[in-house]
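Heads up, the sequence shown is in full-length UniProt numbering, so the first residue is 1 and it goes up one at a time. Below: one structure, written as structure tokens.
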Amino acid sequence: MTAGPLARPTAGTATAHPDDPALRERVLRPYRTNCRYLGPAEIRLDNEAVTASGAFRIGESCYIDDTGHFNAVEFNICFNQIAYYLIAKCAQNRLPPVFAAWTLDDYWQRQLSDILITRFTSRFHRAIRGQEFRGELSFTDFKLRSGDNGRAPLALIESECRFWDEGGGRCTGEIQIALTNLPQGAPR
Numbered sequence: 001m002t003a004g005p006l007a008r009p010t011a012g013t014a015t016a017h018p019d020d021p022a023l024r025e026r027v028l029r030p031y032r033t034n035c036r037y038l039g040p041a042e043i044r045l046d047n048e049a050v051t052a053s054g055a056f057r058i059g060e061s062c063y064i065d066d067t068g069h070f071n072a073v074e075f076n077i078c079f080n081q082i083a084y085y086l087i088a089k090c091a092q093n094r095l096p097p098v099f100a101a102w103t104l105d106d107y108w109q110r111q112l113s114d115i116l117i118t119r120f121t122s123r124f125h126r127a128i129r130g131q132e133f134r135g136e137l138s139f140t141d142f143k144l145r146s147g148d149n150g151r152a153p154l155a156l157i158e159s160e161c162r163f164w165d166e167g168g169g170r171c172t173g174e175i176q177i178a179l180t181n182l183p184q185g186a187p188r
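Take a look at the structure:
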């Protein structure tokens, strides 16, 4: 396996992108209506990371009776939703180099089949009430794995995620995402 880092954005390129309700709605379309937890979110790109922050609301759990707290399954769902939105915004704006050749059409073709979690850890520091809370996701590192030994090339994204509520509840996680079936012209 050959892995190499991708260039980081240079200093002075900080860009904020406000919430895009139409894009967010389309990103969440694969989810059942009662499982669309991500509300308004914005992204920011600076010389260290691509970051999304957003509001979340879980009216009722989509899979279990109310546990009274935010749990690991809901963490994963919320992570997926904010990650999908962040990746869509990256593709739309061709933000870090790994997305320079992507279009939104490339994203829609790959959203469910070619964006994979390869490693997922979460830690719950203090219980979060699941009704309303905030979350933040940062893509902290980008690497390429070349298509050697008969394997297709892919991009790996390291990320850090956290959720918190106004009552002091908080949890954190570290997640690795693989982008497979890269579009034509994408770094390989």
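No residue lacks a Cβ here, since even glycine has one placed at the ideal position from N, Cα and C. Model, not experiment: these values are computed from the prediction.
For the options G54, Y63, C35, R26, the alpha carbon positioned closest to that of D19 is the one of G54. Nearest Cα to F70 within the set G167, L179, P183: G167. Beta-bridge annotation (DSSP): T51 is paired with R44, S138. The C-beta distance from F139 to V50 rounds to 4 angstroms, short enough to meet the 8 angstroms contact threshold. Between the stretch 175-185 and the stretch 140-159, the count of C-beta pairs closer than 8 angstroms reaches three or more; the two stretches touch.
An exposed status is given to Q184, since fewer than 16 other beta-carbon atoms sit within 10 Å of its beta-carbon. Take W102, set aside five residues on each side of it, and the residues of its chain with a beta-carbon closer than 6 angstroms to its own are A91, P183, in chain order. Contact check between the stretch 108-126 and the stretch 68-87: three or more CB pairs, one atom from each, fall below 8 angstroms, which counts as touching.
The alpha-carbon of T15 is positioned some 10 angstroms away from that of N93. Look at T33 here: in three-state DSSP terms it is helix.
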